[in-house]
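In this note's numbering, the protein residues as written are 5 to 132. Each residue gets a CB set at the ideal place from its N, CA and C atoms; glycine is no exception. Computed from a predicted model, the values in this text were never measured in an experiment. Written out below as C-alpha cells is the structure these notes cover.
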C-alpha cells in the first residue's frame, strides 16, 4: 500500500518534502526513498487517517476529471477561489488534517454532506 500511495502523490507532481508534510512524516526528504523501495509507512493512526483522506481526494479527482487522469498534477498547484485563492496543496500542507478535510469536502460533495450532519435531517415521512 505504501508504494501505491507514494506513486499517487508522485503522479500529482509532489516533491519528497511535500509528501512528507502531507503524511506528517518526520525525517529528511531523502528518507522517502526507503518508503518507495520496501519500508512501509509507520503504523500510526494519524498517518493512516491522512492516507485515507488522500486516497479519497484522488478518487474524487478521478471522478471529477474522468477524461484527464493527469489533472491532479495541475489541480493541486492551481489557485482556487473556493479555497481562498490558495492551492489545494498549500491548504493541505498548511492546514494539516483539517486542510485535507477541507480539500476533500471541496471535491466530494457527498463527503461534505455527511460532514455537515444533514443526511439524517432531509428524510421525510412518505407513508401515510
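Asked, Found
"Three-state secondary structure (DSSP) of residue 15", "helix"
"Stretch-stretch touch, CB-based, cutoff 8 Å, three pairs: the stretch 71 to 86 with the stretch 11 to 26", "yes"
"At least three beta-carbon pairs within less than 8 Å, the stretch 102 to 113 to the stretch 52 to 69", "yes"
"Residue 33 versus residue 44 - alpha carbon distance", "16 Å"
"beta-carbon residue 52 near the ligand SAM non-hydrogen atom, thresh 7 Å", "The model on display carries no ligand, and the ligand SAM is accordingly not part of it."
"The stretch 21 to 32 / the stretch 106 to 120 touching (three or more Cβ pairs under 8 Å)", "no"
"Residue 7 versus residue 89 - alpha carbon distance", "32 Å"
"Through-space distance from residue 61 to residue 41, alpha-carbon basis", "24 Å"
"Straight-line Cα distance separating residue 120 from residue 74", "30 Å"
"Separation of residue 59 from residue 134, as counted between CA atoms", "Look at the range of the chain in this structure, 5 to 132, and you will see that residue 134 is not part of it."
"DSSP-derived helix/strand/coil call for residue 127", "Any reading at residue 127 needs caution, since the residue's pLDDT is 47, under 50, leaving its predicted position unreliable; the model's value is listed next. Residue state, collapsed to three classes: coil."
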